[in-house]
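Following: one structure in structure tokens, then a few remarks.
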Amino acid sequence: MVDIWLPYGESDLCVRVPARNFLGSIEPKEIYGVSDSNAEIKRALNKPIGSKRLSEITQKGQKVAIVVDDVTRDAPSELMILPVLEELNSIGIPDEDITIIFGCGTHRVVKPEEAIKLLGKEVINRVKTISHDCKSEDLVYIGKTKSHGTKVRVNRIFAEADLKILIGDVGFHYYAGYGGGRKSVMPAISCADTIQHNHAMLLNSKARTGILEGNPVHEDMTEGAKLVGVDFILNVVMNNKGKIVKAFAGDLEKAFNEAVKLVDNLYRVVVDRRADIVVVSAGGHPGDIDLYQAYKGLDNALEVVKRNGVVVLVAECPEGHGHQVFYEWMIRFGDLKKVEREVKRHFIMGGHKAYYLLKALKNHTIILVSSLPDYYASDVFKFKTSKAVNDAFKEALKISGSSSKVWVIPHGNHTLPIVKTQK
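Take 691 as the starting number for the sequence shown in the numbering used here and just add one per residue.
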């Protein structure tokens, strides 16, 4: 037997796979994080890509707005924000002229105790923080994207700031291609209608994980961020243990594109075949905080499972399904063709997740190992369920056959497996 440990919430579960069935564990490249994260972030700030340093583009008396990630992302915001504040303070920008915005997009607001966990007590005590509300009455219209006609309305504090900074991490995203960069504007600090118009383009065949060229969701996000006038970004790429590998600072597009290259090098993994069964973890907290977030791991696993194969999805989901519209569309429609029609006709954020899940379920059996009650997991979201990963795996073997070949993906939310094309 081969034992593979899978992140599950704040802990780990062990799945046991017979050696005769085991194709391997699909994991990112093993690479150490930097020994000094603070020094690496300062290096990036001192040598920005395609931009002057923050200290050279900022003047005393200016108001500064900084967007950071919310609780659904694992960017090391505290490590990143402190050197930025230090540089701003060094040129005469006091803490009271700086506002940090949690880029919540359509997610819930950040709770006070979560804000401390994300940014640390020192930052919370020094600098004003707010959670973006995508339905706020005072969002500011800044224009329409040329290529896709999205009306862009964003957070007022950010729109009216003299200096606009984005902070986050870069990794794969299943329809924007990659997270990070421009995504800290759209959807992070945009209005619900803006986000919905942008995300409705996810039905496009180019709106896929690891694709930027020709991806309308990415192109629209970039246009939106340029419309609002982002001055500077600081993004990091992390290894699968959550340690910073490299930091990228500077121009909205140029710094982001350099980070994308590193993500591809670390997390795009080529394999030689598809498996009958794939066991995938969403990567633990916060990737499996709810089903809405954990789906990303499932989406990546679909790349390497055969048609009509079985996926065992390991995701704790302590906060349940994670999105009311996702839940409601699964109840109201529950059928792929109906959901696809609704996405085209009247797209609402959250409905897209129902579309993706039903599309996955059409050609695969999916067994969910989670803390979700069976009512939700089975009756609403149409999974087979199991409370133990090894019971789920045994069920997968019954469905697929005792000689089934198996891939295991411990960090599914961050790993993009690609099947090598045969010549």
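All C-beta atoms, glycine included, are put in the ideal place defined by N, C-alpha and C.
Buried versus exposed call for residue i [16 or more other C-beta atoms within 10 Å across all chains shown]
i       : result
GLN983  : buried
CYS662  : There is no way to answer for residue 662, as the model of the chain reaches only from 691 to 1113.
GLY1102 : buried
SER971  : buried
ASN929  : buried
LYS1027 : exposed
ILE1021 : exposed
HIS1036 : exposed
ASP828  : exposed
PRO802  : exposed
ASN905  : buried
ALA734  : buried
Residue i - DSSP class collapsed to helix/strand/coil
i       : result
LYS887  : The question names Lys, but residue 887 in the sequence shown is His. Helix, per DSSP.
ARG843  : strand
LYS1113 : Because LYS1113 sits at a pLDDT of 42, beneath the cut-off of 50, its placement in the model cannot be relied upon, and the following sentence gives the value as read from the coordinates. Note: LYS1113 maps to coil in three-state DSSP.
HIS1036 : helix
LYS1027 : helix
VAL907  : helix
MET691  : coil
MET1020 : helix
ILE781  : coil
VAL860  : coil
ARG733  : helix
LEU941  : Note that residue 941 is Asp in the sequence shown here, rather than Leu. Residue state, collapsed to three classes: coil.
Residue from the options with nearest C-alpha to residue i
i       : options                         : result
VAL918  : LEU956, ALA937, ASN925, LEU942  : LEU942
GLY940  : ARG1031, ASP726, ILE731         : ILE731
ASN894  : ARG763, ALA866, LEU1051         : ALA866
ALA949  : LEU696, VAL860, ARG763          : VAL860
ALA709  : LYS986, TYR722, MET691, GLU700  : MET691
HIS1104 : THR840, LYS836, HIS975, ILE855  : HIS975
PRO877  : LYS1034, GLU1006, VAL907        : VAL907
MET770  : ILE783, GLN752, ASP726, LYS801  : ASP726
ILE790  : ILE820, ASN955, PRO1063, ALA890 : ILE820
TYR1066 : GLY1010, LEU853, ASN728         : GLY1010
LYS841  : PRO802, ARG798, HIS887          : HIS887
GLY1012 : LEU775, ILE979, ASP702          : ILE979
ILE1038 : VAL935, VAL927, ASP852, THR796  : THR796
Same chain, Cβ closer than 8 Å to residue i, neighbours up to 5 away in sequence not counted
i       : result
ASP966  : VAL995, LYS996, GLY999, VAL1000, SER1090, GLY1091, SER1094, LYS1095, VAL1096
ILE1057 : VAL1000, VAL1001, VAL1002, LEU1003, PHE1073, LYS1074, THR1075, SER1076, ALA1082, GLU1085, ALA1086
VAL830  : ARG843, VAL844, ASN845, ARG846, ALA849, GLU850
GLY1115 : Residue 1115 is absent from the model: the chain starts at 691 and stops at 1113.
Contacting residues, own chain, Cβ-Cβ under 6 Å from residue i (five flanking each side not counted)
i       : result
GLY858  : ASP759, ALA765, GLY870, SER874, ASN925
ASN779  : none
ASP989  : TYR864
VAL817  : ASP785, ILE788, ILE790
VAL1059 : VAL1004, SER1076, VAL1079, ALA1082
Cβ shell of residue i (< 7 Å), same chain only, five flanking positions each side left out
i      : result
ILE781 : SER745, THR748, LYS750
ASP921 : ILE747, LEU853, LYS854, ILE855
Residue i beta carbon near the ligand MG (any heavy atom closer than 8 Å)
i       : result
LYS1049 : Here there are no bound small molecules, and the ligand MG is not part of this structure.
Chain D contact for residue i (CB, 9 Å cutoff)
i      : result
ALA937 : Looking for chain D here will not work: only one protein chain is present.
contact_flag[the segment 879 to 886, the segment 818 to 827] where n(CB pairs < 8 Å) is 3 or more: yes
Examine the Cβ distances between the segment 951 to 966 and the segment 1097 to 1110 and report whether three or more of them are shorter than 8 Å. yes
Taking contact to mean 3 or more Cβ pairs, one atom from each stretch, closer than 8 Å, check whether the segment 802 to 811 and the segment 708 to 715 are in contact. no
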